[in-house]
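For the record, in the sequence shown the residue sitting at position 47 is 58 according to my numbering, with numbers rising by one throughout.
From the three backbone atoms N, C-alpha and C, an ideal C-beta is built for every residue, glycine too.
Nothing here was measured: the structure is a model prediction, and the numbers come from that model.
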Amino acid sequence: IDIYDYRDVHFAMATRVDPSRDVIIVRNARGFPFDPSAQPVTGALPNTEESRFPCVVGKWGIDATKPVPYKASERKNYERAWPMAWGEVKLDDFLS
12 IDIYDYRDVH FAMATRVDPS RDVIIVRNAR GFPFDPSAQP VTGALPNTEE
62 SRFPCVVGKW GIDATKPVPY KASERKNYER AWPMAWGEVK LDDFLS
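(1) Inspect the beta-carbon positions of W71 and I36 and report whether they are closer than 8 Å.
(2) What is the DSSP secondary structure of R38, reduced to helix, strand or coil?
(3) What residues in its chain sit with their C-beta under 8 Å from that of F22, if we drop five residues either side in the sequence?
(4) Whole-angstrom Cβ separation of C7 and P51, contact assumed at under 8 Å?
(5) Just the Cα atoms here: how many angstroms apart are A83 and K101?
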């Protein structure tokens, strides 16, 4: 699956996901005020973690992965996949 191709991602979600076991829902996660679905946190004290993220939202994740067909001991036989442009982006370009 090419994660940069929405058709591949949709195919994986349509053929590999059982919502009863593969969808994870997190309630009352930290959010930001510009999210229209966010609910304000009442009673947040100034200069606390709650005041940095003054809203809560629900979040969800989908596991559309396939089980690997080999044992963990065989993992060393495979080349690691890297994101596109890996090695071209330098952290120092963003920290100045």
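According to the data block:
(1) yes
(2) strand
(3) I12
(4) Past the edges of the chain, shown from 12 to 107, lies residue 7, and the structure says nothing about it.
(5) 32 Å
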